[in-house]
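Trainee:
There are 2 protein chains.
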Amino acid sequence: MSNTSNHVLNFGAGPAKIPESVLKKAQKEFLDINGTGMSVMELSHRSKPFGAILQKTKDNLAKLMDIPSDYSILFMQGGATTQFAAIFLNLVAKKQDELIKLGKEKEEIVVDYFVTGAWSNKAVQEAERLAPAVQSNPIRVNRVIDVKQKYGKFGTIPPPSEWNLTDPTKHHVAYVYYCDNETIHGVEFPFVPKVNETVPLVADVSSNFLSRPIHVPKYAVVYGGAQKNLGPAGVTIVVVRNDMLVDVNVGPVRPLMLDFKTAADNNSMYNTPPTFAIYMVGLTLEWLIEEKGGLKGIEQANNSKARKLYELIDQSKLYKSPVDPHCRSHMNVVFRLPTEDLEKEFLAGAEKLHMHQLKGHRSVGGIRASIYNAMPEDDVDRLIEYMIEFEKKHSP
Amino acid sequence: MSNTSNHVLNFGAGPAKIPESVLKKAQKEFLDINGTGMSVMELSHRSKPFGAILQKTKDNLAKLMDIPSDYSILFMQGGATTQFAAIFLNLVAKKQDELIKLGKEKEEIVVDYFVTGAWSNKAVQEAERLAPAVQSNPIRVNRVIDVKQKYGKFGTIPPPSEWNLTDPTKHHVAYVYYCDNETIHGVEFPFVPKVNETVPLVADVSSNFLSRPIHVPKYAVVYGGAQKNLGPAGVTIVVVRNDMLVDVNVGPVRPLMLDFKTAADNNSMYNTPPTFAIYMVGLTLEWLIEEKGGLKGIEQANNSKARKLYELIDQSKLYKSPVDPHCRSHMNVVFRLPTEDLEKEFLAGAEKLHMHQLKGHRSVGGIRASIYNAMPEDDVDRLIEYMIEFEKKHSP
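These protein sequence lines map, in sequence, to chains U and L. Convert by adding 251 to the 1-based position in the first sequence; the result is the number in our numbering. Convert by adding 251 to the 1-based position in the second sequence; the result is the number in our numbering.
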């Protein structure tokens, strides 16, 4: 096996590979978008040409995800980490709004978190940090399950029998939060956690956004940063059910730019949005629709790529998955070799074949092959060839 | 006069014109940055190639602005509007940190705002909205001057005799805030407001960033969104003196992503920064250094462009500047015609000559020619030709 071409295989976890046809289109019209004689970056966000781009992007997202009309699509900034705060502040505000109207502004509000990896762990920690500052209702942050606390490490999604969901008939539950795909630990929910239908469900889908169909009506909020499956870093897409939107002056005092209703009321243009990033998301959505057969098409492709890799890992004596089979990520395939030295050798050999960004996150080590929507199956096949060859040389 | 070429003259206030050579360089390397075989958008923010881009961008900014070593350069998201909250939260935290150590956690803290246009007005309003939620020290938001309240409209910078600066020997002043250039009203400070040297001075320079040399040591914080003079929308540059950085758990509870110390400690990579926007800023800085003679060179060019326009306006019987001569913006030249109908006709005629985005902000009307760094003097000359010709046809 050899890679004599300059073709680079980008297994980065994000910012990640962008479809080549998307990059080429953006390159072609980089200095002149739609005959304006200007770069898309030079257009006022309030101009007609940019307005058309924004609208088309929203329309295509709504079409792809089958988003009902009582939802708003927001383009925000600051990544998922900013949303950790925004989700808490906005959804607690919503619950406070309800309770104030009932004269229950002193009663406890609970927020429920599934902690299944590094990102949901950061999300719950942000809620815990912000909770004591909330005025009137006291806030309790509840971990429905904390896999690391319970099992010593992340790597599984325990069954419902182990969940400690707060009972909404006995408590005021503002929301239940989970991270659908844990990018660092390679753990993906194989199902939508079943919660009481009166409780708003929130999902961070940053690293598996648009990788497969989801049923939006199950959610109060679905959100994700763009830099894995949707485009460049710098824009976060928030799909929020309109009944979650409350006036910025109700509930926890929050920066205007983190307020969902302000963003919704201003069509994501309370101030200048990240126009170029939104444009790139738009191109990526068109690619998904026109070249990949939408979410059903891309799901099939993603399943096929992931299946091949996990089959190899499970048959191997060298590679080992640290994740339980039922909840292995289709986007971030993490695996270990017997020693760190072998892992270094594996990575060095991969680099020589132009397979880049395969190193596991610095907090966990090991190998991580991120195989997002834009990753062609051919590139996964090349990685598999290399893995087989490497194992032959190093069989334990 | 005629414009038969396809050359477009972009007088937009932001997102605004980007130097053509910057766009062309970015276009050329759009699919392969520095021989990586990847787009800059596809690089991990923690990769060596992106690290080099980030470092060079910081180095060039430090060089251009002569930023002392006890300052941090932060790349944040959410535009100036997010900074309206961040400035307040971080600098109040700093003052609280001082006062707690002195056992003065119950004493009042004052924040001073110059209100000289729409943006500083929004900034002070955000401070007023956030202030009541601050725990321990009560916060008073003081308007040093509110030009609209005092004179019925924005359009001047009153002399120091009219300022109501809080006396830092009698009060705990967290900071003094001003907006150096008011994009909408076309008002620019012709000087740095003189404040007691013990009081942190904060300037929003979003729309005149790097348009002329400034003396950074006068400031505790200088910040601006990139989308006028520095690149595309989606990144905000914050230059902050390190003694302003306090632990995120001290002072007002604030979202982690709005915390200056978190950003500084993590080299703007607590989470994924807007890598492409940072790269574009980097290219723009190189252009400033290599093609425009740095800040002294660009200042000269900017002065020349603005002087021509204001001379024409002052000599004209048709055009009228609503801004006092001593504080007219070098970046956003606003003017009025006798009637709104004539303004419409002026704009329509300009469009025909490919002079775009000349319409004044929807909140004030009129005409606004934004002539940022990237605007060539030739384009300003063309606008002037058109203005002269238009006046001939419509002399009152």
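Quick reminder that beta carbons are idealized off the backbone N, C-alpha and C, glycines included. None of the values given here were measured: they were computed from a predicted structure.
Within 8 Å of any Cβ in chain L, is that where the Cβ of GLN347 (chain U) sits?
Mentor: GLN347 (chain U) does not count as touching chain L.
Trainee: Taking the alpha carbon of GLY485 (chain L) as the point to measure from, which residue in L:LEU340, L:PHE597, L:LEU593 and L:THR523 has its own alpha carbon closest?
Mentor: Of the listed residues, the one whose Cα sits closest to GLY485 (chain L) is L:THR523.
Trainee: Let me check one thing: in DSSP terms, what residues is LYS454 (chain L) bridge-paired to?
Mentor: It should be noted that the sequence gives Ala, not Lys, for residue 454 (chain L). DSSP, once it has assigned bridges, lists L:TYR429 and L:VAL473 as partnering ALA454 (chain L).
Trainee: Taking all protein chains shown into account, do 16 or more other C-beta atoms lie within 10 angstroms of the C-beta of ASN554 (chain L), making it buried, or fewer, making it exposed?
Mentor: Flag for ASN554 (chain L) reads exposed.
Trainee: If we count Cβ pairs, one from each stretch, closer than 8 Å, do we get three or more for the stretch 256 to 273 of chain L versus the stretch 607 to 626 of chain U?
Mentor: No: the two stretches stay apart, fewer than three of their Cβ pairs being nearer than 8 Å.
Trainee: Once the 5 residues before and after ASP321 (chain U) are set aside, which same chain residues still bring their CB inside 8 Å of it?
Mentor: So the qualifying residues of the chain are ARG492, ASN493 and ASP494.
Trainee: Just reading off the beta strand (DSSP E) that LEU325 (chain L) is part of, what are its end residues?
Mentor: Here the beta strand (DSSP E) through LEU325 (chain L) covers 322 to 327.
Trainee: Taking Cβ positions, are VAL497 (chain U) and LYS352 (chain U) nearer each other than 8 Å?
Mentor: Not closer than 8 Å, so no.
Trainee: Using only alpha-carbon positions, find the residue among L:LYS547, L:PRO573, L:ARG579 and L:PHE326 that is nearest to ARG558 (chain L).
Mentor: Considering only alpha carbons, the answer is L:ARG579.
Trainee: Helix, strand or coil for ASN254 (chain U) per DSSP?
Mentor: Note that ASN254 (chain U) has pLDDT 46, beneath the 50 cutoff, so the model's placement of it is unreliable and no number is given.
Trainee: For chain L, is any of its Cβ atoms less than 8 Å away from the one on ALA620 (chain U)?
Mentor: Cβ-Cβ to chain L under 8 Å: no for ALA620 (chain U).
Trainee: In chain order, what are the residue ranges of uninterrupted beta strand (DSSP E) at least 3 long that sit wholly in the stretch 369 to 420 of chain L?
Mentor: Whole beta strand (DSSP E) segments, 3+ residues: 390 to 397.
Trainee: What are the boundary residues of the beta strand (DSSP E) that ASP363 (chain U) is part of?
Mentor: 360 to 366 is the extent of the beta strand (DSSP E) around ASP363 (chain U).
Trainee: Determine the chain L residues that contact LYS352 (chain U) at a beta-carbon separation under 9 Å, and present them in chain order.
Mentor: In chain order: nothing, as chain L lies at least about 21 Å away.
Trainee: Check whether the Cβ atoms of VAL438 (chain L) and ALA454 (chain L) lie closer than 8 Å to each other.
Mentor: No; because the gap between Cβ atoms is not below 8 Å, this pair is not in contact.
Trainee: Tell me, please, whether the stretch 276 to 291 of chain L touches the stretch 632 to 642 of chain L by the rule of three or more beta-carbon pairs shorter than 8 Å.
Mentor: Too few Cβ pairs lie closer than 8 Å, so no.
Trainee: With burial defined as no fewer than 16 other Cβ atoms inside 10 Å of the residue's Cβ, what is the status of MET252 (chain U): buried or exposed?
Mentor: Annotation note: pLDDT 42 at MET252 (chain U) (below 50); position unreliable, coordinate value reported separately. By the neighbour-count rule (16 or more Cβ atoms within 10 Å), MET252 (chain U) is not buried but exposed.
Trainee: Which whole runs of the beta strand (DSSP E) in the stretch 263 to 312 of chain U are 3 residues long or more, in chain order?
Mentor: Entirely contained in the stretch 263 to 312 of chain U, not one beta strand (DSSP E) run reaches 3 residues.
Trainee: Compile a chain-ordered list of the residues in the stretch 518 to 545 of chain U whose CB is closer than 8 Å to at least one CB of chain L.
Mentor: Those would be TYR521, ASN522, THR523, PRO524, PRO525, THR526, PHE527, ALA528 and MET531, in chain order.
Trainee: Under a Cβ-count criterion, where at least 16 other Cβ atoms within 10 Å of its own Cβ denotes burial, should THR255 (chain U) be classed as buried or exposed?
Mentor: Note that THR255 (chain U) has pLDDT 46, beneath the 50 cutoff, so the model's placement of it is unreliable and the number below is only indicative. THR255 (chain U) is exposed by the Cβ-count criterion.
Trainee: So, does the CB of ILE390 (chain U) fall closer than 8 Å to a CB anywhere in chain L?
Mentor: No - not a single Cβ of chain L is within 8 Å of the one on ILE390 (chain U).
Trainee: List, in order along the chain, the chain L residues whose C-beta lies closer than 7 Å to that of ALA552 (chain U)?
Mentor: The premise fails here: ALA552 (chain U) is roughly 19 Å from chain L at the closest Cβ pair, so nothing lies under 7 Å.
Trainee: Is it true that the stretch 322 to 341 of chain U meets the stretch 506 to 516 of chain L, where meeting means three or more beta-carbon pairs spaced less than 8 Å apart?
Mentor: Contact between the stretch 322 to 341 of chain U and the stretch 506 to 516 of chain L is present, because at least three Cβ pairs lie under 8 Å.
Trainee: Which residue from U:LYS512, U:THR526, U:VAL532 and U:TYR521 puts its Cα closest to that of ASP310 (chain U)?
Mentor: The candidate whose alpha carbon is nearest that of ASP310 (chain U) is U:VAL532.
Trainee: So the candidates are U:PRO411, U:ASN500 and U:PRO419; which of them puts its Cα closest to the Cα of PHE440 (chain U)?
Mentor: Closest by alpha carbon: U:PRO411.
Trainee: Could you tell me the distance, in whole angstroms, from the CA atom of TYR561 (chain L) to the CA atom of PRO444 (chain L)?
Mentor: When rounded, the distance between both Cα atoms is 24 Å.
Trainee: I think VAL398 (chain U) touches THR407 (chain U), with their Cβ atoms under 8 Å apart; what is that distance to the nearest whole Å?
Mentor: Going by Cβ atoms, the distance from VAL398 (chain U) to THR407 (chain U) rounds to 6 Å, so yes, they are a contact pair.
Trainee: Let's test the definition: count the other Cβ atoms within 10 Å of the Cβ of GLY329 (chain U) and tell me whether it reaches 16, buried, or not, exposed.
Mentor: Buried, since its Cβ has 16 or more Cβ neighbours within 10 Å.
Trainee: Please check the pair LEU312 (chain U) and ILE304 (chain U), which I expect to be a contact at CB under 8 Å, by giving their CB distance rounded to whole angstroms.
Mentor: Actually they do not touch by this definition, with Cβ atoms about 13 Å apart.
Trainee: Taking PRO483 (chain U) as the query, report the chain L residues whose CB atoms sit under 8 Å from its CB, ordered along the chain.
Mentor: Residues of chain L passing the Cβ test: MET292, PRO525, THR526 and PHE527.
Trainee: Could you tell me if PHE527 (chain U) is buried or exposed, where buried requires 16 or more neighbouring beta carbons within 10 angstroms of its beta carbon?
Mentor: With 16 or more other Cβ atoms within 10 Å, it is buried.
Trainee: If we call anything under 8 Å between Cβ atoms a contact, is VAL273 (chain U) one with LEU534 (chain U)?
Mentor: In this structure, LEU534 (chain U) lies closer than 8 Å to VAL273 (chain U) by Cβ.
Trainee: Just list the residues that DSSP pairs ALA625 (chain L) with in beta bridges.
Mentor: ALA625 (chain L) is not bridged to any residue.
Trainee: Could you give the residue range of the beta strand (DSSP E) that holds ARG492 (chain U)?
Mentor: That run of the beta strand (DSSP E) goes 487 to 492.
Trainee: ILE597 (chain L) bridges to which residues according to DSSP?
Mentor: Note that residue 597 (chain L) is Phe in the sequence shown, not Ile. None, per the DSSP bridge assignment.
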